[in-house]
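Everything in the sequence shown is counted per my numbering, starting at 217 for the first residue and increasing by one.
Idealized CB from N, CA, C, for every residue including glycine.
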Amino acid sequence: MPLSTKDIRNIIKSLKSKNLHGYDEIPTKLLKLSFPLILSPLTHICNKSLSLGNFPDRLKYSEIKPLFKKGDKHNISNYRAISILTSFSKVLEKAVYTQLYEHCIKDNIVVDEQCGFRNKLATTDAIFKLINETQIALNDKIMVGAIFCDLEKALDSINYDKLI
């Protein structure tokens with residue numbers, strides 16, 4: 217389903233007003249100020265990209281900056297790379313996300329147990345459900361078992377060279 221200018225306007229309004237900018241040097245703040253002038257062509261570009269299934273190459277570029285996590289500031293493994301995207305890239309990404317999310321919800325693709333990345337649900341909801349179901353099972357004298365994995369630095373263990 218094509219996006220309307222109202223959809224794109226809502227996406228632009230939802231972006232954080234920052235002076236931070238990508239390689240194009242257009243901050244989100246400027247995009248928000250100028251959206252009445254560019255809303256129609258931007259909507260057309262987003263719809264064209266979605267209908268062709270093609271994310272424009274220039275919007276794939278980003279500035280990569282190191283962000284300190286914790287520990288020794290001289291140890292490079294204590295930093296993670298963050299990508300500073302262009303404002304236009306953020307708009308198109310949110311448009312793709314919106315379309316994909318609505319499709320998954322409408323067609324009942326997402327299971328009820330999925331709490332992360334869903335509106336009005338959080339990881340605390342998953343914890344509550346786990347505790348509640350465990351208590352119910354224990355009250356019914358049903359044996360309960362669980363395995364937990366610590367996924368700290370999980371993304372650091374991915375070999376990104378093989379993904380490309």
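Exercise. With distances taken from CA atoms, which of 314, 349, 267 and 276 is nearest residue 329?
Worked result: Numbered from 1 along the sequence shown, position 113 holds the residue referred to as residue 329. When each option's Cα is compared against that of residue 329, the closest is 349.
Exercise. So, are the CB atoms of residue 363 and residue 307 less than 8 Å apart?
Worked result: As a position in the sequence shown, residue 363 is number 147, starting the count at 1. As a position in the sequence shown, residue 307 is number 91, starting the count at 1. Not closer than 8 Å, so no.
Exercise. Between which two residues does the alpha helix (DSSP H) containing residue 282 stretch?
Worked result: Counting from one through the sequence shown, the residue named residue 282 turns up at place 66. No alpha helix (DSSP H) contains residue 282, which is instead part of the beta strand (DSSP E) from 279-284.
Exercise. Are there 16 or more other CB atoms within 10 angstroms of the CB of residue 262, so buried, or fewer, so exposed?
Worked result: Position 46 of the sequence shown, counted from the start, is the residue given in the question as residue 262. So residue 262 ends up on the buried side.
For this session: Would you check if there are 3 or more beta carbon pairs closer than 8 Å linking the region 278-291 to the region 245-256?
Result: no
Exercise. What first and last residue would you give for the beta strand (DSSP E) that runs through residue 295?
Worked result: Position 79 of the sequence shown, counted from the start, is the residue given in the question as residue 295. Where residue 295 is concerned, the enclosing beta strand (DSSP E) stretches over 295-300.
For this session: Report buried or exposed for residue 234, applying the criterion of at least 16 other Cβ atoms within 10 angstroms of its Cβ.
Result: What you label residue 234 is simply residue 18 of the sequence shown in a count that begins at 1. It is exposed - the Cβ of residue 234 has fewer than 16 other Cβ atoms within 10 Å.
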